[in-house]
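Single-structure report; data block below.
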DNA sequence: TATTCAAATACAATCGATTGTATTTTGTTA
DNA sequence: TAACAAAATACAATCGATTGTATTTGAATA
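Residue numbers (my numbering), protein chains in the order written: chain A, 251 to 589; chain B, 251 to 589.
Below, the structure written as structure tokens:
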């Protein structure tokens, strides 16, 4: 009772060979229907469960995809995970979800662990601290295909599924300009991450298009937590800059900024209009509701998984990766609804 | 290049036996320092990574804990996961996170998968659809210890780490009563789940203590999504009931209700006061901010993991489980701040 | 009934690491 | 230097399932 039954226990109980049991449990045509029935009944009776460790070791496949995201609690990532799971399960794959919590060391350990556990593929959205890519090369050396989604590394030989951050940043900024803003603060994230660089470039391009001079003192870089948005806003207002608009590279920091602005009795959007990025559910709850850039996590997850599964099935990692870019859309709400 | 190096490759390259390599890589005292150094260097050179499948199969241990939650995007669960991960990593265990999305079938498949992959233990918070516990018994039959957290099943032989839902429900309701409410609606969840039953019982007990007659038409059961809160509120107001308070068994439904109430230009808290449950971050963002019951996900995760690790280390599943109940606290915010 | 061939099943190696036991090597002592 | 204990290493079985090959079984045909 203590030890879990194996195919050998079933074989012994029926006086047959374990290979036949294995084939029966895998519904092989090499076993006759009647013995299959006997084996299945005995398996049921003994409460047999296949030991996937042994099976995977022998088959050198795990039917498992490892997913690494910065934080599962972010709506964007949890919907990406949902897209990943849906697609993976349909293809018969399991998914292991891991969060780096934006820490490089954790990310590194996680990837080493997933590689040691021989996942068949990896879907990665890197942390804000990831400047060095050796831990990712480990996967490649182990012949494990890796697809980036959303937050990628600019490395040759990897595929990525991204959203059009440049366009998103551009649209957000231009929206504020059209609403009449001329002094637009931008909250950006670590510039090592392509997504923040691109959103920032979109911001600059929109200013340029509308002949508004770029002022670097209006760009504040942080890790974009709620507290960062709050204190960034405080700093920029304390510095006596003229500010009539804020484009934050994520919603969470935008909400932090709004909390500070509201405390100061400054009117949103009339005195300062605000646009966020990601369309977190919280952006519909805050008052005024937050204008933001929508990015479909579900879709990015599905597409990235499909791409990864292609590589897994073909058993080959392409020499140069492909990049798929998904469109974003601006969702106008009250935080920018100037007349 | 195609195949990953094994201990045998290292052994062959150095002209020694693979058992020595294995011992060296595990830092066994049975291997001399100089050979250890040679082996480590060669392992490094070949890019060796231990195959955990083989190792785990042989050792009959995976150093992995499986976690099943309804939804990773809920703040309470993502902080519980953080507590679980912290505790587990310190003890040298990995964590596999899975979400049932409140679906029984998914939960069943997930648990079967985790059992087949021979996790060393399970931490489970059941879905709203879980009425039947056979899939959980499977774990016990496989000698895998299982600890419930937050949402448990009333099964003998399992340990649980819970919060004091009765007290939480009682406090929430009494708080509304003290604020002067006499017609308090309660949004409850599926009664099969102990947590909702207990919150409901707390609600009834508070009414009773204050001699307010219980009216069953003021209790509405749903799955407590935001949309449910919205339509529950609509229904109860349309039915022309007198309502001056709402105690929702979670924050998300409370927020749905608030959206409807605000649309109807009814004043919160003066005409209707509201209390939620869970202290989701969103409850500080909505206006008025939501009074709620705080439950520490981090703590519940840590304690449940410690308990599970005890069972894993002792290699025994106790005949009768223990139940640990954590205190809750009411956080008063503006949605109930009547004068 | 003997022969043949296909279907069903058994045998045995294998996946990669671990570990108890056996053997060899090393260093120490007489 | 021979003898011996201790240290270092080699041998071989094992974890549980899979799978190519070999053998047996059984049915059909001559």
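Virtual Cβ for every residue (Gly too), placed ideally from N, Cα, C. Since the structure is predicted, the reported quantities are computational estimates derived from the model, not experimental observations.
Using 8 Å as the cut-off, can you tell me whether the region 324-333 of chain A makes contact with the region 304-312 of chain A, which would need three or more C-beta pairs spanning the two stretches below that distance?
Three or more Cβ pairs closer than 8 Å define a contact, and the region 324-333 of chain A falls short of that threshold against the region 304-312 of chain A.
On the criterion of 16 or more Cβ atoms from any shown chain inside 10 Å, does residue 258(A) qualify as buried, or is it exposed?
exposed
Which residue comes first and which comes last in the alpha helix (DSSP H) that contains residue 370(A)?
It is not in any alpha helix (DSSP H) - residue 370(A) carries neither H nor E in the DSSP assignment.
Are residue 499(B) and residue 437(B) touching if we call contact CB-CB under 8 Å?
Judged by their CB atoms, residue 499(B) and residue 437(B) are nearer to each other than the 8 Å cut-off.
Taking the straight line between their C-alpha atoms, what separation do you get for residue 352(B) and residue 526(B)?
20 Å
Checking 8 Å against the spacing of the C-beta atoms, do residue 492(B) and residue 433(B) come in under that value?
yes
Whose CA, out of 403(B), 427(B) and 418(B), lies closest to the CA of residue 378(B)?
403(B)
DSSP has residue 365(B) in a bridge; who is on the other side?
Paired residues: none, contrary to the question.
Taking C-beta pairs closer than 9 Å, name the residues in chain A that residue 297(B) reaches, listed in chain order.
Neighbourhood of residue 297(B) in chain A, by CB distance below 9 Å: 388, 391 and 392, in chain order.
Secondary structure at residue 271(A), three-state DSSP: helix, strand or coil?
helix
I'd like to check one pair, residue 531(B) with residue 236(B): are the Cβ atoms closer than 8 Å?
Outside the shown range of chain B, which is 251 to 589, sits residue 236(B), and nothing can be said about it.
Flag residue 564(A) as yes if its beta-carbon sits less than 8 Å from any beta-carbon of chain B, otherwise no.
no
Which residues in the same chain have their Cβ closer than 6 Å to the Cβ of residue 268(B), if we skip the five residues on either side of it in sequence?
A distance below 6 Å between beta-carbons, with the five flanking residues on each side excluded, links residue 268(B) to the following residues of its chain, in chain order: 257, 258 and 261.
Kindly say whether residue 238(A), judged by its beta-carbon, lies nearer than 8 Å to any beta-carbon of chain B.
This structure cannot speak to residue 238(A), because chain A is shown only from 251 to 589.
Below 8 Å, can you find three or more Cβ-Cβ pairs linking the region 315-332 of chain B to the region 379-396 of chain A?
no
For residue 429(A), which residues of its own chain have a beta-carbon under 6 Å away from its beta-carbon, when the five flanking residues on both sides are left out?
523, 586 and 588
What residues from chain B crowd round residue 323(A), counting only those whose CB sits closer than 7 Å?
323, 325 and 328
Short of 6 Å in beta carbon distance, which residues of its chain neighbour residue 513(A), apart from the five on each side in sequence? Order them along the chain.
none
Looking at the secondary structure, which residues open and close the alpha helix (DSSP H) in which residue 477(B) lies?
476-488
Helix, strand or coil at residue 539(A) [DSSP, three-state]
Under the three-state reduction of DSSP output, residue 539(A) falls in the coil class, being neither helix nor strand.
Beta-carbon proximity list for residue 401(B), same chain, < 6 Å, skipping 5 on both sides:
Result list for residue 401(B): 375, 376, 443 and 445, in chain order.
Does the CB of residue 371(B) have a neighbour CB from chain A at under 8 Å?
With its beta carbon at least 8 Å from every one in chain A, residue 371(B) lies outside the interface.
Can you give me, in chain order, the residues of the region 342-369 of chain A that have a beta carbon less than 7 Å from any beta carbon in chain B?
344, 346, 347, 363, 365, 366, 367 and 368
So, at 6 Å on beta carbons, what are the nonlocal neighbours of residue 364(B) in its own chain, with the 5 sequence-adjacent residues on each side left out?
316
To the nearest angstrom, report how far apart residue 251(B) and residue 548(B) are at their CA atoms.
For residue 251(B), the pLDDT reaches just 40, beneath the cut-off of 50, and the residue's location in the model is therefore unreliable, although a value from the coordinates is still provided. C-alpha separation (whole angstroms): 44 Å.
If we call anything under 8 Å between Cβ atoms a contact, is residue 426(A) one with residue 506(A)?
no
How about residue 413(B) and residue 550(B): are their beta carbons less than 8 Å apart?
yes
Contact between the region 553-561 of chain A and the region 364-373 of chain A: three or more CB pairs below 8 Å?
yes
Residue 535(B): contacting residues in chain A (beta-carbon distance under 7 Å):
505, 532, 535 and 536
By how many angstroms is the C-alpha of residue 380(B) removed from the C-alpha of residue 518(B)?
36 Å
Could you give the residue range of the beta strand (DSSP E) that holds residue 344(A)?
344-349
Span of the beta strand (DSSP E), counted from its first residue to its last, around residue 581(A):
579-581
Every unbroken alpha helix (DSSP H) within the region 273-350 of chain B, with a cutoff of 4 residues, ordered by chain
283-296, 302-309 and 325-340
Can you tell me the Cα-Cα spacing of residue 294(A) and residue 288(A), whole angstroms?
10 Å
For residue 396(A), the first and last residue of its enclosing alpha helix (DSSP H):
Run containing residue 396(A): none in the alpha helix (DSSP H); it sits in the beta strand (DSSP E), 396-399.
Chain-ordered neighbours of residue 291(B) on chain A, where CB pairs are closer than 9 Å
Per Cβ cutoff of 9 Å: no residues; residue 291(B) is ~17 Å from chain A at best.
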